[in-house]
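Taking it in order: structure first as structure tokens, then the write-up.
2 protein chains.
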Amino acid sequence: MNGDKLKSWNDGPVKQSIINFLDSTVEEGLDYVKPEDRIATFDNDGTLWAEKPAPVQLNFLFLAFTKRVQNEPFLADKQPYKAILERDKIFFQNVIEQKPEAIIALEDVLAREWAGKTPDEFESEVKEFFATVKPEKFESNFTELIYKPMLELFDLLKDYKYRVFICSGGGRDFMRVICEEAWGIFKENVIGSAAEYEYNNGTLKRGTVLRGIALGPGKVEHIFARTGRLPVFAVGNGDVDIEMLESAKFRLFINHDDDKREYAYENGSEKILAIAKEKNFTIVSMKNDWKEIFK
Amino acid sequence: MNGDKLKSWNDGPVKQSIINFLDSTVEEGLDYVKPEDRIATFDNDGTLWAEKPAPVQLNFLFLAFTKRVQNEPFLADKQPYKAILERDKIFFQNVIEQKPEAIIALEDVLAREWAGKTPDEFESEVKEFFATVKPEKFESNFTELIYKPMLELFDLLKDYKYRVFICSGGGRDFMRVICEEAWGIFKENVIGSAAEYEYNNGTLKRGTVLRGIALGPGKVEHIFARTGRLPVFAVGNGDVDIEMLESAKFRLFINHDDDKREYAYENGSEKILAIAKEKNFTIVSMKNDWKEIFK
Chain A
1 MNGDKLKSWN DGPVKQSIIN FLDSTVEEGL DYVKPEDRIA TFDNDGTLWA EKPAPVQLNF
61 LFLAFTKRVQ NEPFLADKQP YKAILERDKI FFQNVIEQKP EAIIALEDVL AREWAGKTPD
121 EFESEVKEFF ATVKPEKFES NFTELIYKPM LELFDLLKDY KYRVFICSGG GRDFMRVICE
181 EAWGIFKENV IGSAAEYEYN NGTLKRGTVL RGIALGPGKV EHIFARTGRL PVFAVGNGDV
241 DIEMLESAKF RLFINHDDDK REYAYENGSE KILAIAKEKN FTIVSMKNDW KEIFK
Chain B
1 MNGDKLKSWN DGPVKQSIIN FLDSTVEEGL DYVKPEDRIA TFDNDGTLWA EKPAPVQLNF
61 LFLAFTKRVQ NEPFLADKQP YKAILERDKI FFQNVIEQKP EAIIALEDVL AREWAGKTPD
121 EFESEVKEFF ATVKPEKFES NFTELIYKPM LELFDLLKDY KYRVFICSGG GRDFMRVICE
181 EAWGIFKENV IGSAAEYEYN NGTLKRGTVL RGIALGPGKV EHIFARTGRL PVFAVGNGDV
241 DIEMLESAKF RLFINHDDDK REYAYENGSE KILAIAKEKN FTIVSMKNDW KEIFK
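Chains A and B, in that order, are what the protein sequence lines are.
Residue 1 is where the first sequence starts when you use full-length UniProt numbering, and the numbers rise one by one after that.
Residue 1 is where the second sequence starts when you use full-length UniProt numbering, and the numbers rise one by one after that.
Shown next, in the form of structure tokens:
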């Protein structure tokens, strides 16, 4: 097999190392990976689509919480509503660093906000969001800002009989609304943070509990719970992806260094960038390794 | 397509109704089911293999708890160890009926028993169990007592591009040890009750918490959490499968009525049998509909 599918990738050591690794896992030898073990996992925000100026789902949360505070004004001064609506950087930094207080506060409001909704009701809200809210920097829809090289990599992995999973700290049910059309990935292969649903009298409704946001070690825990395995091939871009990448054999780190075609930043990726260099992860320069960025 | 794959099934209305239903879901018309929605879910104990005289995994639990009580004799008089080791029918009836006290007690000891073990350590224990403990009534291994007609049904469903999931109240990680070899089903398609794992310093270990046993409405909740959908095609045999079957379009109920080749009983299936008749589920008579029972 070869990398003809990676048309948006420039030829060079990064593209070649992906192909060499995949070849080695299907050929007899020390690096052979049994078909059942061929699991690949991808982060979403910043790995499959732009996460600046803010992760896509945060726009959805802001909208919902803004409406909520309009209806219940006393919440405006309460945490974490206040922090979320003021886009308080410290609050979100604490979430990224998985500080328990910030995580618990966020889990709590996320669970409450949509409690009692059916899957169809939640899906309608998400669809309306995607139909009406547009990205800031680009004239397009969020779902058009998915990285073409990543979709090509999904295809290549499937040729090698890898099963591809998305594992995001973001909302599982939010991603599942778009995963089949946008990524060609079935809902069941989407892993993320999620409210627990309750089934009563023939109806499934969101409960009031959300447990275990899939960040940092939580990504590995969610992947094992879902698949019974650790990934062989893992792709991520943020500090919250460190553990997922370290748990895999092949680690692909996406470096956002292209401020002309997308965004250039290291904020939220300082630690993983250092580890990637130190531990010889394969580092994708979006600027140099990708001919095209968006699908 | 046709039912040539169902070689162990006698021709008759049950076999025909399975084939008719599957045909109708892939042909244009009112019953057409989009490929992405084609989810089939199967219970395990009593649906894929014998659950009498006791579910297979209970033998595994008895062994582990017996050893535990030998090492810590003071536990012998403590609940739920006492009830489990004395095979106290009331305790297990309460579990089947999902009485909160029994469920919480069971979750607690199940989580504690293997807390701190890695996935590999747990897998070794399960493998040793299957290699050394044999069924009471049959001269074979537990994994040879899997129902051949069900394996044929997996194959048929795959021809129709259904994705097959197993959803058991039993242990997810217990079933995942045998699922690929015994059923030809990837670990990620096995849904069940499970301890939460914790990832620390590059090592995954079982935690002390087990939440949400997949019984009754819990089966539907687990299926939705895992797949983002409700099943189109569902198969079960016990009262704990009622909700799963009711949530599906096609409901196949396995009636254990063959005491010569297996076991005949209604205990634990009284309610679902009544509902199956009342709501026109498709009822499999193991005695009449299956030419062969075991693979």
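Glycine residues also receive a C-beta, built at the ideal position from the N, C-alpha and C atoms.
Asked	Found
Exposed or buried, what is B/A274 when buried is set at 16 or more other beta-carbons lying within 10 Å of its beta-carbon?	exposed
I want to verify the contact list: residues of chain A whose CB lies under 9 Å from the CB of B/G46, in sequence order.	What B/G46 touches in chain A: nothing, since even the nearest Cβ is about 21 Å away.
Note down, in chain order, every chain A residue with its Cβ under 7 Å from the Cβ of B/L204.	V220, F224
Using a Cβ-Cβ cutoff of less than 7 Å, which residues in the same chain neighbour A/Q57 once the five nearest sequence positions on both sides are dropped?	G170, G171, F174
Rounded to a whole number of angstroms, what is the C-alpha to C-alpha distance between A/F65 and A/F129?	13 Å
When the cut-off is 8 Å and only beta carbons count, does B/G170 lie next to chain D?	Included in the structure are the protein chains A and B, with no chain D among them.
Note down, in chain order, every chain A residue with its Cβ under 7 Å from the Cβ of B/E180.	E36
Enumerate in chain order the residues of its own chain whose CB-to-CB distance from A/Y197 is below 8 Å, with the five nearest sequence positions on each side excluded.	P119, L204, K205, R206, G207
Would you verify that the beta carbon of B/W125 is, or is not, closer than 8 Å to some beta carbon of chain A?	Just to set this straight, residue 125 of chain B is Glu in the shown sequence, not Trp. Chain A, which has no Cβ nearer than 8 Å to the Cβ of B/E125, makes this no.
Terminal residues of the continuous beta strand (DSSP E) containing A/A115?	Run containing A/A115: none; DSSP gives neither H nor E here.
Which of helix, strand or coil does DSSP assign to B/D4?	coil
Would you mind stating whether A/F233 and A/L245 have Cβ atoms separated by less than 8 Å?	no
Within 8 Å of any Cβ in chain A, is that where the Cβ of B/K117 sits?	no
Counting only the same chain and skipping the five closest in sequence on each side, list residues whose C-beta sits under 7 Å from that of B/A105.	Q79, P80
Give every residue of the same chain whose Cβ lies closer than 8 Å to the Cβ of A/M150, excluding the five residues on either side of it in the sequence, and list them in chain order.	F42, T47, L48, V235
How is A/A40 classed by DSSP in three states: helix, strand or coil?	strand
Mind pulling the beta strand (DSSP E) runs of 3 or more residues that sit fully within the stretch 182-241 of chain B?	190-193, 195-200, 203-210, 233-236
Who are A/N288's beta bridge partners in DSSP?	Its beta-bridge partners do not exist; DSSP assigns none.
So, at 6 Å on beta carbons, what are the nonlocal neighbours of A/Q98 in its own chain, with the 5 sequence-adjacent residues on each side left out?	L215, G216
With C-beta atoms as the reference, is A/F294 less than 8 Å away from A/I146?	yes
In three-state DSSP terms, what is A/I178?	coil
Flag this pair as yes or no: are the beta carbons of A/V190 and A/R211 separated by less than 8 Å?	no
Taking the Cβ atom as the reference point for each residue, do A/V14 and A/D257 lie within a distance shorter than 8 Å?	no
State the DSSP-derived secondary structure class of B/A276, mapped to helix, strand or coil.	helix
What residues from the stretch 71-86 of chain B come within 7 Å of chain A, judged by C-beta to C-beta, listed N to C?	none
What number of angstroms, rounded off, separates the C-alpha of B/P35 from the C-alpha of B/R226?	17 Å
Any idea what DSSP makes of B/V164, helix, strand or coil?	strand
Tell me the rounded alpha-carbon separation between B/V69 and B/L75.	6 Å
Excluding the 5 residues flanking B/F21 on each side, which residues of the same chain have their C-beta closer than 7 Å to its C-beta?	F250
Within 8 Å (strictly less), CB to CB, does B/F154 reach chain A?	no
When you compare the CB positions of B/Y263 and B/K7, do they come within less than 8 Å of one another, or not?	no
Are the beta-carbon atoms belonging to A/L61 and A/I84 less than 8 Å from one another?	yes
Interface residues of chain A around B/F186 at Cβ under 7 Å?	E36
For B/A194, go through chain A and note every residue whose CB falls closer than 8 Å to its CB, in chain order.	A225
Shorter than 8 Å from the beta carbon of B/N237 to some beta carbon of chain A?	no
Can you tell me whether DSSP reads A/I96 as helix, strand or coil?	helix
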